Amino acid sequence: MKRLLIFAILAISSLGIAQDKWKTSLELDFGFPSDWVYEYQYAPHKFRFEDLEDSGFLLNSFGVQGYHGYFITNTLSIGPVGGFNYQSTHKLSMLRLGARFQLHFTDKNNAFTYLQFSNNFSLNYEKFKAGPHIRYGLAFPVMRGEAYMLSLNLFGELNNYYMNGSKPLLEYVGIETPVLLREKLHIGISIGVTF
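The sequence shown maps to residues 1143 to 1337 in the working numbering.
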């Protein structure tokens, strides 16, 4: 019984210390995707790649995501990331789930850079099924409080959307079987709150 009591006291005290090692952030994303490549099959074993019209530097991607990271060192944290994104160019709506590695330049309450790997899960299978997502970003604090930090984030990302069984984009009836939609360039900004 004495050992169990000592173990419980140590476990509770270590949980209190571990609370300082966790950070949570919420981000509101605004993106400018362009340079799309569409791959489709037009005959058995024959594929065609089509550069889709560049939408220019227009705000056409919106999203929200959250990150809950654990500091494995004083400046490096790792944890799950998840969120929602909508891209109006091709009317793609998706949920994202993955992991983020976040490196703070000086301490936990200062500027940081991050690398994020996640997967896009479609909310409309007529558009696409799923696909990988990679994001690299930089965050700069613009306001700090005792328990929070407001930051401006700049990011670049790449997305692939697997379209097997989806509706054709070019509407070449009978000769277009969608395979993949690739976003070659996506830059964006986000406003984040870390607490």
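Virtual Cβ for every residue (Gly too), placed ideally from N, Cα, C.
Keep in mind that this is a model prediction, so the values were computed, not measured.
Item to check | Rounded separation between M1291 and F1174 - CA only | outcome: On the sequence shown, position 149 is the one that residue 1291 refers to. On the sequence shown, position 32 is the one that residue 1174 refers to. If I take the Cα positions, the gap works out to 25 Å.
Checklist entry - Along the chain, where does the beta strand (DSSP E) that runs through G1240 open and close? => result If you number the sequence shown from 1, residue 1240 lands on position 98. Looking at the DSSP string, the run of the beta strand (DSSP E) that includes G1240 is L1234 to H1246.
Checklist entry - Helix, strand or coil: how does DSSP classify D1162 here? => result Your numbering for residue 1162 matches position 20 in the sequence shown. Here D1162 sits in helix by DSSP.
Item to check | Straight-line gap, K1326 to E1192 (C-alpha atoms, nearest Å) | outcome: In the sequence shown, counting from the first residue as 1, residue 1326 sits at position 184. In the sequence shown, counting from the first residue as 1, residue 1192 sits at position 50. Taking the straight line from one Cα to the other gives about 13 Å.
Item to check | CB of N1302 within 8 Å of CB of R1324, strictly | outcome: Walking along the sequence shown from the start, residue 1302 turns up at place 160. Walking along the sequence shown from the start, residue 1324 turns up at place 182. Cβ distance < 8 Å, so N1302 and R1324 count as in contact.
Checklist entry - From this set, F1213, F1243, L1168 and Y1212, which residue's C-alpha is nearest V1206's C-alpha? => result The count along the sequence shown starts at 1 and reaches residue 1206 at position 64. Put simply, of F1213, F1243, L1168 and Y1212 the residue whose alpha carbon is nearest the alpha carbon of V1206 is L1168.
Next on the checklist: So, under 8 Å CB-CB, N1227 and D1171 are touching, yes? Tell me the CB distance rounded to an integer number of Å.
Outcome noted: Position 85 of the sequence shown, counted from the first residue, corresponds to residue 1227. Position 29 of the sequence shown, counted from the first residue, corresponds to residue 1171. With 8 Å as the limit, N1227 and D1171 qualify as a contact, their Cβ atoms being about 7 Å apart.
Item to check | S1230 in three-state terms, based on DSSP | outcome: As a position in the sequence shown, residue 1230 is number 88, starting the count at 1. In this structure, S1230 counts as coil in the three-state DSSP scheme.
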